[in-house]
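Peer 1:
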Amino acid sequence: CRSCLVKYLEENNTCPTCRIVIHQSHPLQYIGHDRTMQDIVYKLVPGLQEAEMKKQREFYHKLGMEVPGDIKGETCSTKQHLDSHRNGETKADENINKEASEEKQEEDNDYHRSDEQVSICLECNSSKLRGLKRKWIRCSAQATVLHLKKFIAKKLNLSSFNELDILCNEEILGKDHTLKFVVVTRWRFKKAPLLLHYRPKMDLL
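Numbering-wise, the numbering used here comes out as the position in the sequence shown, counting from 1, plus 810.
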């Protein structure tokens, strides 16, 4: 289900089935509904689409919320989508998907070398962990704090990257913060490199 997939992609950037890299830094932006598969299921199971739409409408009515427009028009849009396939538009869709796939493959093969780069100094401020042999690194501005946690955990042979906190100016950084965001919000008027500290995760009561 979507919630399980989202939870998985919070800590991974590969497909849980085939292990292909979805995106180096933002895999969640590349997931979406498989409309073609949904259309096939609706065609194979009579009445399923109407039942699903009814459940969703009842859910929103129960909460006293307005039914989203995409649910209101789901039946019509699905019918139009199926009609378009019958009218020969499938080929055009396949060409678009092929071009998008080729562009994504080129982007993945680049490994973000063409991105804006950020120079970082990773210092340890805890006696419970050892310092890195090479504390100076340079990586894409689109890399996240989570990537740094995984990098440090691997270098220090830690069992889990979740055992780490990364700080900037003594402030704990969120795992989804990109380095670009950290530089702009915490290091705007300071010279490179970006100084970050790591320590064992502290459970705050």
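Think of the CB as a built atom: it goes at the ideal place given N, C-alpha and C, for glycine as much as any other residue.
Comparing C-alpha positions only, which one of 812, 848, 993, 944 sits nearest to residue 862?
Peer 2: Among 812, 848, 993, 944, the Cα nearest to that of residue 862 is on 848.
Peer 1: Let's see if you can read the secondary structure: which residues bound the beta strand (DSSP E) around residue 845?
Peer 2: Where residue 845 is concerned, there is no enclosing beta strand (DSSP E), although the alpha helix (DSSP H) it sits in stretches over 845 to 854.
Peer 1: Going by C-alpha distance, which of 998, 1006, 950, 949 is nearest residue 941?
Peer 2: Among 998, 1006, 950, 949, the Cα nearest to that of residue 941 is on 1006.
Peer 1: Does the separation of the CB atoms of residue 953 and residue 988 fall below 9 Å?
Peer 2: Cβ atoms of residue 953 and residue 988: closer than 9 Å.
Peer 1: Unbroken alpha helix (DSSP H) runs of length 4 or more, entirely within the segment 817 to 848: which are they?
Peer 2: For the segment 817 to 848, not a single whole alpha helix (DSSP H) run of length 4 or above is found.
Peer 1: Tell me whether residue 862 sits in a helix, a strand or coil according to DSSP, three-state version.
Peer 2: Residue 862: helix per DSSP, three-state reduction.
Peer 1: Nearest by alpha-carbon distance to residue 961: which of 985, 828, 998, 938 is it?
Peer 2: Residue 961 has its Cα closest to that of 985, out of 985, 828, 998, 938.
Peer 1: Which residues does DSSP pair with residue 1004 in a beta bridge?
Peer 2: BP columns for residue 1004 point to 930.
Peer 1: Measure the Cβ-Cβ separation of residue 973 and residue 1011 and say whether it is below 9 Å.
Peer 2: Against a cut-off of 9 Å, the Cβ pair of residue 1011 and residue 973 comes out as a contact.
Peer 1: State buried or exposed for residue 871, treating a residue as buried only when at least 16 other CB atoms are found within 10 Å of its CB.
Peer 2: Burial call: exposed.
Peer 1: Grab the span of the beta strand (DSSP E) containing residue 974 for me, first residue to last.
Peer 2: 974 to 978 is the span of the beta strand (DSSP E), which, as asked, contains residue 974.
Peer 1: Please name the residue in 969, 992, 970, 971 whose C-alpha comes closest to that of residue 980.
Peer 2: Looking at the Cα atoms, 992 is the closest of the given residues.
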